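The numbering used here numbers the first residue of the sequence shown as 219 and each following residue consecutively. Every residue, glycine too, gets a C-beta built ideally from N, C-alpha and C. Predicted model only: the values in this text are computed from it and were never measured. Some notes on the structure that comes next.
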Amino acid sequence: MEMENPHSDPSMMGYFKVIEPFQLKDFELVEKYTINNDKSDVKILWDRENLEYLYQVEEPTISRKELNDLYNIVRDMEWIVPNSMDISRILTRFQFPEIVKSYIHNRKRILEKGNGEKIQYFIKRDYTGYGIINVPVNDPNVEDISCDGFGSKVFVYHRKYQDMKTNIVYNDPTYLDSFIIKLSQFCGKEISINNPVLDGITDQGHRVQAIYGNEISPHGSVFTIRLFRKKPFTPTELLMNGTADSSIITYMWYLVENNNSCLISGAPAVGKTSTLNALLMLAPPNSKIFSIEETREINIPNENWIPAATRERGNYFSAQKRGYMKIDMFELVRMAMRQR
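Shown next as C-alpha cells:
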C-alpha cells in the first residue's frame, strides 16, 4: 500500500519544492532563455513599480498527483541508497529513467505523456543537483548566488544585469539547514552547530561559503556560491568587456614573457582570478606554471601546469580522508621552489 505524502500544500510537498512566479502588477519581459536542455526557462523582467530587474525561474509544472508519485519513488530510493558523505557521487551512478520505469511497471502505474520526464527532472534536480537553485547554478550568465537566510529572496549576480532578486525563497528553515549540509557534502566536508562555517569547493569547481544554523547568523543558515566558469576569460575578452585597455594588457604581457613579478589586488568579486587566468594565457606555450591556492579557482589551458591546493587535516566523519595530515601554503611554496 502506498503512502500519501503528509504535506497538504503542493508547493511544500515532501523534499521537493515548487518555485512560485513573481506576483507583479506592472512589468516588462526583457529577455528569456532556456536552461537544462529546454526543461526550464529563465525570464529577465523589468519591474516598473520598483524600477529593478528581476530573475524569474520557470520549471515544469507539476500536479499534486505527480508530486505524490515523486514522493513514493524517492521513498523507495531511500531504501536502497546508502547514507554517505559522498551521496551525490553515489547517486550519479543510478539511472533515473530506469528507476522511474521500474517503479511504474512494478506498481502498474499509468502516467500521462511527459509525466515520467517531469519526475526524472525533479529527482535529478534535488538529488544530484542543487535543488531549487539548480537553474541559476546551471545558467552560464550567472556568476554568484547568495541566500541571506530563510524567508528572504535568493539573489544572483548576472553578467549582463548584475545583482538581481529571484523568485526563489527558502521559506522552511529546516529545508535550508538540510541544503547547507548537502553543500558541505558536495565539498567533501562536514558542517554542524559545533563547526558552523563552511568554506569549500565542489567537484564542479564552484566555491561555497556557508553558515549553518542561527548560532552566529541571526537570520539562520546562509550561503554564497561563486560559480566556476568552465571557459575562462581570454585577454581579448577582457579588452572587449572593458576590464582592461590595450596598454595594460601589453604591459602585463611584457611582464609575463620576461618572468617579472606582478601583484593583482582588489575588492572581492572584481575579477582578480579572471585577470590572472587571462594573463597566464600569455605565458610561452611550454613554460612551466605552478599555481598554489587555498581553494582551486585557476583554470588555464597550458599543458605544462601543476595546479596545487592546500588540504585540511582529515576528519572523523570522512572515512576516505580520515588521518590525512594538513598541507598548508608554506609546504606548497617549498615544493614549488624546488622546481624549475
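Valine 248: buried (16+ other C-beta within 10 angstroms of its C-beta) or exposed?
-> exposed
Can you find a CB in chain B that lies within less than 8 Å of the CB of glutamine 427?
-> Looking at the structure shown, chain B is missing, and only one protein chain is on hand.
Taking the CB atoms as reference points, tell me whether isoleucine 350 and isoleucine 291 lie closer together than 8 Å.
-> no
Residue span of the beta strand (DSSP E) that contains glutamate 549, given as start and end | That residue, glutamate 549, is in no beta strand (DSSP E); its alpha helix (DSSP H) goes 547 to 555.
Whether aspartate 271 touches tryptophan 264 by CB criterion (8 Å) = First, the amino acid is wrong: residue 271 is tyrosine here, not aspartate. In contact: tyrosine 271 and tryptophan 264 (Cβ atoms closer than 8 Å).
Can you tell me which of the three DSSP states proline 525 falls into?
-> strand
In the structure shown, what three-state DSSP assignment does aspartate 463 receive?
-> coil
Locate the beta strand (DSSP E) running through isoleucine 253, then write down its first and last residues.
-> 245 to 253
Is it right to say glutamate 361 is buried, meaning 16 or more other beta carbons lie within 10 angstroms of its own, or is it exposed?
-> buried
For isoleucine 262, three-class secondary structure by DSSP = strand
Might you give, ordered along the chain, the residues of its own chain that have their beta carbon closer than 7 Å to the beta carbon of arginine 514, omitting 5 neighbours on each side?
-> Ile419, Gly423, Pro525, Ala527
Could you name the residues of the same chain whose beta carbon sits closer than 7 Å to that of tyrosine 379, not counting the 5 residues immediately before and after it, in chain order?
-> Ile262, Tyr271
In angstroms, rounded to a whole number, what distance separates the CA positions of phenylalanine 373 and proline 358?
-> 15 Å
Ends of the alpha helix (DSSP H) at asparagine 333?
-> 333 to 341
When you compare each of Lys257, Arg282, Asp244 to asparagine 268 by their alpha carbons, which one comes out closest?
-> Asp244
How big is the Cα-Cα spacing for lysine 544 and glutamine 557?
-> 22 Å
Residues near threonine 491 by beta carbon distance below 8 Å, same chain, minus five either side | Glu515, Ile516
Opening and closing residue of the alpha helix (DSSP H) in which glutamine 403 lies | 391 to 404
Contained beta strand (DSSP E) runs [length at least 3] in the segment 482 to 528, N- to C-terminal order | 507 to 511, 523 to 527
Put tyrosine 348 into one of helix, strand or coil per three-state DSSP.
-> coil
Note the first and the last residue of the continuous beta strand (DSSP E) segment covering leucine 272.
-> 270 to 276
Spatial neighbours of glycine 484 within its chain, please: CB distance less than 8 Å, with the 5 preceding and 5 following residues excluded, ordered by chain position.
-> Lys490
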